[in-house]
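Have a look at the structure below before the remarks.
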């Protein structure tokens, strides 16, 4: 029997450089495994906060395992869910 692997979601985000403190928006997403039931929130140009609110819901089980701000207007997050 195969061992169930962790689900991983990598999100890169950006802010509008012309608007101070603008909302973070998703630039790209890579999913390994499944991101159900949050797939609808993981779209380019979507709000990062909406995706995180869904993924970090206690019933969903994702946790942020790595986060890095690459500049004042961009960064990325890696989330993991154990089987």
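Numbering (the working numbering), first residue to last: 4 to 86.
A virtual CB, placed ideally from N, CA and C, is assigned to each residue, including glycine.
Drop a sphere of 10 angstroms on the beta-carbon of residue i, count the other beta-carbons inside from all chains shown, and report buried for 16 or more, exposed for fewer.
i: residue 6; result: exposed
i: residue 12; result: buried
i: residue 58; result: buried
i: residue 21; result: exposed
i: residue 8; result: exposed
i: residue 38; result: buried
i: residue 54; result: buried
i: residue 10; result: buried
What does DSSP give as the partner residues of residue i in its beta bridges?
i: residue 78; result: 16, 72
i: residue 31; result: 15
i: residue 42; result: Beta-bridge pairing links residue 42 to no other residue.
With a threshold of 6 angstroms on Cβ separation, who are the neighbours of residue i within its own chain once the five nearest residues in sequence on each side are excluded?
i: residue 34; result: 12
i: residue 85; result: 9
Using a Cβ-Cβ cut-off of 8 angstroms (strictly less than) and excluding sequence neighbours within five positions of residue i, which residues of its own chain qualify?
i: residue 17; result: 27, 28, 30, 76, 77
Next on the checklist: Would the region 28–38 count as touching the region 47–63 if we require 3 or more Cβ pairs under 8 angstroms?
Outcome noted: yes
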